[in-house]
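Order-wise, the sequence lines are chains A and B.
Under the numbering used here, the residue at position 93 of the first sequence is numbered 82, and the numbers go up by one with no gaps.
Under the numbering used here, the residue at position 145 of the second sequence is numbered 134, and the numbers go up by one with no gaps.
Report on the structure given below.
Protein chains: 2
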Amino acid sequence: MNAESHNPTHLGADALRAVFRLHASGVAVITGVDDVNQPLGFTATSVTSLGSNPPLVSFNIAQGSSTYEHLKIGAKMAVHTLGTENLNLAQRMAGPKENRFSKTDWEIGPFGIPIFSCATSYLVGTIREVFTVESNAVVVLGVESAFVNDEEQSPLLYFQRGYLTVGTRLKDNF
Amino acid sequence: MNAESHNPTHLGADALRAVFRLHASGVAVITGVDDVNQPLGFTATSVTSLGSNPPLVSFNIAQGSSTYEHLKIGAKMAVHTLGTENLNLAQRMAGPKENRFSKTDWEIGPFGIPIFSCATSYLVGTIREVFTVESNAVVVLGVESAFVNDEEQSPLLYFQRGYLTVGTRLKDNF
């Protein structure tokens, strides 16, 4: 590479899009309740571990999202990991709000939070921080408990605007 | 599911671990320079898009990391996406600090940032925010430019303490 080849191929928002098209992520469904205990939730590809002592998870959300106003410090939330068998759930929870809880595949779980027991696992925690940046927010959840349902299923991935399975294991990192 | 089955199978840090074992993530390498313009960098599985207007990226880091002290607001950083051909790079940048820049596969790029041109792409940006939570931090980068190198290669995934390829595409989300 010479200095010439450092010339960027993309700028600004286009640069973000170009790079994230090449970045895969796991798919999760986040749920909670609103002020009158009605279920709320959405599909998220931004769930990531933040620390283990104490256990913390972060996810990102647009402040324009209908869910955002309900993400208050102290609120209880669940984060579900999805497997390939949860493809329909991922699509439904990313679609119109009125359809998200229209099926009978969820139940009222701990703290009244809607739980999709078909997910491969879920954790329950409490919102500790909501950091705002421009029109977005980073939400930090303190993790309290988890329920593991299925450890064998391939996780569901999001990549290049589609849903995928994982492929070949190249190398252990034990 | 009945009330009984909501009994958690894991608590606290064990809950975090159990759930994140079932969550896959993309693998990135983040680079920058220290106070005397020496290269620094690390492998990260927490890189995620935060917003597109303006374009923002977030990643998480432990405050105990040797790199943390150099992540100051205004600092320029690069975030590289990795493909499966970058497996060795991912392992090296997650290993001992003294080995990370011991090979000749990097060059000095924009703003003096070390760039691995073998990565599938990289973006360059400026640290806008460093949000601290307990002994961890969420770093927010404003994205300025990007260079795309290889759009065909499978992205490198991290899952269950190993490196993987992506598998079958199940569904488009156009």
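Glycine included, every Cβ here is placed at the ideal spot set by N, Cα and C.
Residue i versus the options, residue with shortest Cα-Cα distance
i	options	result
Thr70 of chain B	B:Ala79, B:Gly63, B:Leu39 and B:Asp24	B:Ala79
Asn75 of chain B	B:Pro99, B:Phe136 and B:Val18	B:Val18
Asn88 of chain B	B:Ser41, B:Arg150, B:Met66 and B:Pro28	B:Pro28
Trp95 of chain B	B:Glu140, B:Ala67 and B:Tyr57	B:Ala67
Leu0 of chain A	B:Thr93, B:Ala135, B:Pro85 and B:Gly30	B:Ala135
Phe90 of chain A	A:Gly114, A:Thr20, A:Asn(-4) and A:Leu146	A:Thr20
Asn77 of chain A	A:Ser55, A:Thr32, A:Thr56 and A:Gly98	A:Thr32
Ser55 of chain A	A:Asn125, A:Lys160 and A:Val129	A:Asn125
Leu11 of chain B	A:Ala108, A:Thr115 and A:Pro44	A:Ala108
Val127 of chain B	B:Val8, B:Ser38 and B:Val22	B:Ser38
Val46 of chain A	A:Glu58, A:Lys65 and A:Phe163	A:Lys65
Ala83 of chain B	A:Asn(-4), A:Phe163 and A:Thr34	A:Phe163
Ala2 of chain A	B:Leu146, B:Glu140, B:Gly114 and B:Asp161	B:Gly114
Asn42 of chain A	B:Gly98, B:Gly53, B:Gly156 and B:Gly30	B:Gly53
Proximity test, Cβ basis, 8 Å: residue i and chain A
i	result
Arg158 of chain B	yes
Arg117 of chain B	yes
Thr154 of chain B	yes
Gly151 of chain B	yes
Gly63 of chain B	no
Gly15 of chain B	yes
Pro(-3) of chain B	yes
Pro144 of chain B	yes
Gly53 of chain B	no
Gly1 of chain B	yes
Nearest-angstrom Cα separation, counted from residue j out to residue i
i	j	result
Ala4 of chain B	Val132 of chain A	7 Å
Glu118 of chain B	Glu123 of chain A	11 Å
Leu112 of chain B	Val25 of chain A	43 Å
Ala(-8) of chain B	Gly72 of chain A	Any reading at Ala(-8) of chain B must be qualified, since the residue scores a pLDDT of 42, below 50, and its modelled position is unreliable; no value is offered.
Ile102 of chain B	Ser106 of chain A	46 Å
Arg158 of chain A	Gln142 of chain B	16 Å
Gly63 of chain B	Pro85 of chain B	27 Å
Val22 of chain A	Ser14 of chain B	27 Å
Thr93 of chain A	Val129 of chain B	39 Å
Ala7 of chain A	Pro144 of chain B	14 Å
His59 of chain B	Glu58 of chain A	34 Å
Pro99 of chain A	Ile97 of chain B	52 Å
Test: residue i CB closer than 8 Å to a CB of chain B
i	result
Leu60 of chain A	no
Glu(-7) of chain A	Because the pLDDT of Glu(-7) of chain A is 44, which lies under 50, any placement of that residue in the model is unreliable, and the question is left without a value.
Thr70 of chain A	yes
Thr56 of chain A	no
Ala67 of chain A	no
Thr20 of chain A	no
Using a Cβ-Cβ cutoff of 9 Å, what residues of the region 23 to 49 of chain B are near chain A? List them in chain order.
Thr34, Ser35, Val36, Thr37, Ser38, Leu39, Gly40, Ser41, Asn42, Pro43, Pro44, Leu45, Val46, Ser47, Phe48 and Asn49
Taking beta-carbon pairs under 8 Å, can you tell me which members of the region 73 to 93 of chain B lie near chain A?
Thr73, Leu76, Gln80 and Ala83
What runs of the beta strand (DSSP E), each 3 residues or longer, lie entirely inside the region 29 to 93 of chain A?
37 to 41, 44 to 51 and 65 to 70
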